[in-house]
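Colleague:
Protein chains in written order, with the working numbering: chain A, 640 to 1082; chain B, -9 to 269; chain C, 2 to 299.
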């Protein structure tokens, strides 16, 4: 999962405001597709699909993808529309709840799948698709499911890599972190090394996180420290963010800022550029950074993600899936499109976007790691190894709960306060209380 | 009357009626979620829930204080700039445009630019350090974050209000100064006793419009601080938004918005009382 | 605008030319310097954004720290960002859409605001203040509170994906009416009474007396309506799914993805959006002269 929220301008959640004014909701009950039978058809139907996604048709190549699909499936036409990713949810709410069946297919953020499913915004895909997902990475299928049912098909994945500035480390006489899974660098050692590079290597910043103060980025800390993913119990509706593991992890995180290893107040979208400026020793960022580094003049290296001393390794994962509108009038055609996009071959989505993103498709992953950014430098080859290893061995999904958006928001604010100097136990206790209140409505 | 009908229709149908709907919804509680939810009548329980919440009460007080400080300051500064820009100086129109430009820049862009400018290692701190002061935490400190938001809002708003005040200043009949016989009188006295009273009408407009603008201020909070640090920049509009979209509690969000609007109405009514000139 | 300290009257006064001149010049210089400083303070961030749009995407943030000339001035200049905006990112079309919607809103908006303002400020009828209150309360309603229900209604009426759907909510601007009302109140009643005696209708009085005397306010109200529509984001987002009709503030989203932001492009797009209102103001400066000419009653 990548950048979000910072540029969020309107809704980020399945808004139920529409239900409040349900008197205006168009659609009649005959369009209620509760049990309309559909399948992945042997022969292509003739249909026009409306698809809503977050990628630009030209700049991000979705036009190429659509053209390739229409060439292979000439009877199905696709109308693709881009919506800014931080507004996707409000647009979807507005359109799905109108029950007109537009859009037929839409992008769904994997951690939001439980919330979308529970609200009735996703068509259940279990019967038709559960036997077809063997070519997809297991963790992404898990992210796209909830309560034993498959609700969406993953098209992308993500993982994190520990990048470092070779020149700065060399100047400080610090050895690069290890690529050997048995000798992963620990978070604690990383902090010490970063401080050394600051003192002796001239780095103004020791360690940067790709998305500071975000649950996606920081989840590995408490998980690796033994504190769990943040919630437990039935449906993961009992918050668990102030146990020992979490407090220890967050004390560490706060100390990074207090000891000036990490700078306060840099927004997520500025982090990459800050690292590329060349004054930062280490950066924990997603696989998409590899392309930016390949284009830069930095002398960089990559290594396995840090682990908590004495704990088990954990890495963030997850990205986008595609879901089907339960009110769609073209479910068969939608199924064809979704299958082509995610499952067929190396995934139409990955292939026709020239492997711009880490695919959820296992075969696509291989091609992704074979692209120039990964093969063109030593750092790139290291990164490829890391991505391959971490996606298969250490991913930890985000907490699957109906109340995910509240969780992300509340814990994000707690992280932010901790980074700005608030006592971790106090901040986490407050988050625990706020979560309990916010999740009341789901019990 | 025909003169009024189109405007009344436009505002009535496109603002008042939907708002009445939203106001009505504050008397309901939502049970269940998503497409399966239903609305149940709950009387004033939403209001009680909010007013019982210490976080909400804090937000309420914070918002009122924010406005009580910011509005007069912005208007005073705008007035100062307006007076400056109506003196006889070369290239006056150019300076005016320069001051006005910030409000033409989309607020998202401005917020992002200021977020970068007020970074711990950013240009503003760079200048402060060059002048011998220590670096300031700005958005990362609960004591400075709200003031920093005020700074951004003022940078955007002052040029806008300056424009309306210039219009008002130009309308003050120059001959009045002569008639008042002010040979050698102090500029300040003239300003206070002649100019300001004549500016009552544009001042009322600017004050009311500024009040509304500051009460519904939202984008800088969302982009720069997300309500923090430690809730110090959580204002009512942001609280309403967060309840509706992040906490899936649209009825409570609507209640928060209604309370916000009521407070605004009261303050504006007071402003009208003070500055409205009789027919 | 005359300097307030020096009256023009020449009644029994020996003009002390020798003493006035240097004093006046010094004052003018001081005021000019002050004005320049104020102008620079306001425009510096804008200049930074402008220069940022002329450098490669990454450099904007990379050059922020440590503070130096390179923070403001690009080390490498490029027009790539603008090329991308008008080419790949189809920004030109979005700007045209914005212009169309904003101008149409201004024309229609003024057409209904001026009579309404006239009615609540000049005409007398029972319930006048109540009507005015309704108009004013209208603009105090935060748009976010009503956006989604309103969008639902418009979609039901098939106004989505249409220019009309974008224009309509912008024409009833209570603030513009309020502004005009304040200005109309300042017009001497005697003018209206004199016109009545000459047999003029309300419409003629409004268009031939009040409007010409309120040119500045009209321009300000036009600017109000224009800016409100020009910068609206939530409404077009909900209304428009057809890219051909989408407006500029939403098109800016094409400069960022969920994994990266091209600040150079984003600043470029942002400034393109701000250029139009800024130009409108620069051009409209000439109308900011005194709007109450010597009254026709003397």
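Note that the Cβ used here is the ideal one computed from N, Cα and C, for glycine as well.
Taking 8 Å as the threshold (beta carbon to beta carbon), is residue 192/B in contact with chain C?
Modeller: The residue labelled residue 192/B in the question sits at position 202 within the second chain. For residue 192/B, the answer is yes, since a Cβ of chain C falls inside 8 Å of its Cβ.
Colleague: Could you tell me whether any Cβ in chain B is nearer than 8 Å to the Cβ of residue 1067/A?
Modeller: Here residue 1067/A refers to the residue found at position 428 when the first chain is read from its first residue. Not closer than 8 Å to any Cβ of chain B, the Cβ of residue 1067/A fails to qualify, so no.
Colleague: Where does residue 662/A fall in DSSP's three states?
Modeller: Your numbering for residue 662/A matches position 23 in the first chain. Bear in mind that a pLDDT of 35 at residue 662/A, under 50, signals an unreliable position, so the number given afterwards is only what the model happens to contain. In this structure, residue 662/A counts as helix in the three-state DSSP scheme.
Colleague: For residue 924/A, does the three-state DSSP call read helix, strand or coil?
Modeller: What you label residue 924/A is simply residue 285 of the first chain in a count that begins at 1. Note: residue 924/A maps to strand in three-state DSSP.
Colleague: Let me know the secondary structure DSSP gives residue 758/A once reduced to three states.
Modeller: As a working mapping, residue 758/A is identified with position 119 in the first chain. Residue state, collapsed to three classes: coil.
Colleague: Thinking residue 836/A and residue 862/A are a contact (beta carbons under 8 Å), I'd like their distance in whole angstroms, please.
Modeller: As a working mapping, residue 836/A is identified with position 197 in the first chain. As a working mapping, residue 862/A is identified with position 223 in the first chain. At roughly 27 Å, the Cβ-Cβ gap does not stay under 8 Å, so residue 836/A and residue 862/A are not in contact.
Colleague: May I have a chain-ordered list of the beta strand (DSSP E) segments no shorter than 3 residues that lie completely inside the region 701 to 756 of chain A?
Modeller: 715 to 721, 744 to 748
Colleague: Mind checking the region 721 to 751 of chain A against chain B and listing, in chain order, the residues whose C-beta falls within less than 7 Å of any C-beta there?
Modeller: 736
Colleague: Give the range of the alpha helix (DSSP H) segment to which residue 191/C is assigned.
Modeller: As a first step, residue 191/C is located in the third chain; it is residue number 190 there, counting from the start. Residue 191/C -> alpha helix (DSSP H) spans 190 to 198.
Colleague: Just how far apart, CA to CA, sit residue 687/A and residue 715/A?
Modeller: Numbered from its first residue, the first chain carries residue 687/A at position 48. Numbered from its first residue, the first chain carries residue 715/A at position 76. Cα to Cα, the separation comes out at about 6 Å.
Colleague: Rounded to whole angstroms, what is the Cα-Cα separation between residue 254/B and residue 136/C?
Modeller: Sequence index remark: in the second chain, residue 254/B carries index 264 (1-based). Sequence index remark: in the third chain, residue 136/C carries index 135 (1-based). Cα-Cα distance, rounded: 15 Å.
Colleague: Are there 16 or more other CB atoms within 10 angstroms of the CB of residue 3/C, so buried, or fewer, so exposed?
Modeller: Here residue 3/C corresponds to residue number 2 of the third chain, with the count starting at 1. Residue placement at residue 3/C cannot be trusted, given a pLDDT of 40 that sits under 50; what the coordinates show is reported in the next sentence. Exposed, by the Cβ-count rule.
Colleague: I need the straight-line Cα distance from residue 201/B to residue 169/C, nearest angstrom please.
Modeller: Residue mapping note: residue 201/B aligns to position 211 of the second chain, counting from 1. Residue mapping note: residue 169/C aligns to position 168 of the third chain, counting from 1. Going by the C-alpha atoms only, they are around 25 Å apart.
Colleague: Using the rule of at least 16 other Cβ atoms within 10 Å of the residue's Cβ for burial, across every protein chain shown, is residue 267/B buried or exposed?
Modeller: Position 277 of the second chain, counted from the start, is the residue given in the question as residue 267/B. That one is exposed.
Colleague: Report the rounded CA-to-CA distance for residue 1028/A versus residue 799/A, giving the unit in angstroms.
Modeller: Here residue 1028/A refers to the residue found at position 389 when the first chain is read from its first residue. Here residue 799/A refers to the residue found at position 160 when the first chain is read from its first residue. Straight-line Cα distance between these residues: approximately 11 Å.
Colleague: How far does the beta strand (DSSP E) with residue 139/C in it extend, from its first residue to its last?
Modeller: Along the third chain, read from residue 1 onward, the residue named residue 139/C stands at position 138. Counting along the chain, residue 139/C falls outside any beta strand (DSSP E), though it belongs to the alpha helix (DSSP H) covering 129 to 141.
Colleague: Could you tell me whether the region 793 to 807 of chain A touches the region 956 to 972 of chain A, using the rule of 3 or more Cβ pairs below 8 Å?
Modeller: yes
Colleague: State whether the region 58 to 68 of chain B contacts the region 248 to 266 of chain C, with contact taken as three or more CB pairs (one from each stretch) at a distance under 8 Å.
Modeller: They do not touch, by the three-pair rule.
Colleague: Bridge partners of residue 21/B, per DSSP?
Modeller: One-based indexing of the second chain puts residue 21/B at position 31. Per the DSSP secondary-structure output, residue 21/B pairs in a beta bridge with 28/B.
Colleague: Could you give the C-beta distance for residue 151/C and residue 192/B, rounded to a whole number, given that I count them as a contact under 8 Å?
Modeller: Here the question's residue 151/C lines up with position 150 in the third chain. Here the question's residue 192/B lines up with position 202 in the second chain. About 31 Å; that fails the 8 Å criterion.
Colleague: In angstroms, rounded to a whole number, what distance separates the CA positions of residue 87/B and residue 282/C?
Modeller: For the purposes of this step, residue 87/B is taken as residue 97 along the second chain, with counting starting at 1. For the purposes of this step, residue 282/C is taken as residue 281 along the third chain, with counting starting at 1. Using only the alpha carbons, I get a separation of about 7 Å.
Colleague: Here's the rule: buried if 16 or more other CB atoms are within 10 angstroms of the residue's CB, otherwise exposed. What is residue 669/A?
Modeller: Residue 669/A sits at position 30 when you count from the first residue of the first chain. Its pLDDT being 38, under 50, residue 669/A is placed unreliably in this model, and the value from its coordinates should be taken loosely. Exposed: under 16 other Cβ atoms inside 10 Å.
Colleague: Could you tell me which residues DSSP puts in a beta bridge with residue 1000/A?
Modeller: Here residue 1000/A refers to the residue found at position 361 when the first chain is read from its first residue. Residue 1000/A pairs with 775/A.
Colleague: Is residue 189/B close to the ligand ADP? I mean its beta-carbon at under 7 Å from any heavy atom of the ligand.
Modeller: The model on display carries no ligand, and the ligand ADP is accordingly not part of it.
Colleague: Using a C-beta cutoff of 8 Å, does residue 109/B count as contacting chain A?
Modeller: Working through the second chain from its first residue, we reach residue 109/B at position 119. For residue 109/B, the answer is yes, since a Cβ of chain A falls inside 8 Å of its Cβ.
Colleague: Determine the chain C residues that contact residue 944/A at a beta-carbon separation under 8 Å, and present them in chain order.
Modeller: By 1-based counting over the first chain, the position of residue 944/A is 305. Result: empty, since nearest Cβ-Cβ is about 18 Å, beyond 8 Å.
Colleague: Can residue 940/A and residue 815/A be called in contact, C-beta distance under 8 Å?
Modeller: Within the first chain, residue 940/A is the residue found at index 301, counting from 1. Within the first chain, residue 815/A is the residue found at index 176, counting from 1. Taking 8 Å as the Cβ cut-off, residue 940/A and residue 815/A qualify as a contacting pair.
Colleague: Using a C-beta to C-beta distance shorter than 9 Å, which residues of chain A count as neighbours of residue 31/B?
Modeller: Numbered from 1 along the second chain, position 41 holds the residue referred to as residue 31/B. Chain A residues near residue 31/B: none, gap ~13 Å exceeds 9 Å.
Colleague: Do residue 973/A and residue 963/A count as a contact pair if the criterion is CB distance below 8 Å?
Modeller: Start at 1 with the first residue of the first chain, and residue 963/A comes out as number 324. Start at 1 with the first residue of the first chain, and residue 973/A comes out as number 334. Against a cut-off of 8 Å, the Cβ pair of residue 973/A and residue 963/A comes out as a contact.
Colleague: Using a cut-off of 9 Å between C-beta atoms, extract the partners of residue 908/A located in chain C.
Modeller: Here the question's residue 908/A lines up with position 269 in the first chain. The answer, in chain order, is 62, 257, 261, 262, 264.
Colleague: Counting only runs of 4+ residues fully inside the region 845 to 912 of chain A, write out the alpha helix (DSSP H) ranges in chain order.
Modeller: 854 to 857, 859 to 863, 883 to 897
Colleague: Buried or exposed: where does residue 42/B fall if 16 or more other Cβ atoms within 10 Å of its Cβ makes it buried?
Modeller: Position 52 of the second chain, counted from the first residue, corresponds to residue 42/B. Exposed.
Colleague: Quick one: does residue 957/A have its CB under 8 Å from some CB of chain C?
Modeller: Reading the first chain from its first residue, position 318 is the one you call residue 957/A. Chain C contact via Cβ: absent.
Colleague: Classify residue 220/B as helix, strand or coil using the three-state DSSP reduction.
Modeller: Numbered from its first residue, the second chain carries residue 220/B at position 230. Correct three-state label for residue 220/B: coil.
Colleague: Mind listing the chain A neighbours of residue 89/C? Cutoff is C-beta to C-beta under 9 Å, in chain order.
Modeller: Numbered from 1 along the third chain, position 88 holds the residue referred to as residue 89/C. 695, 697, 698, listed in chain order.
Colleague: Could you tell me if residue 676/A is buried or exposed, where buried requires 16 or more neighbouring beta carbons within 10 angstroms of its beta carbon?
Modeller: Locating residue 676/A in the first chain gives position 37, counting from the first residue. Classification for residue 676/A: exposed.
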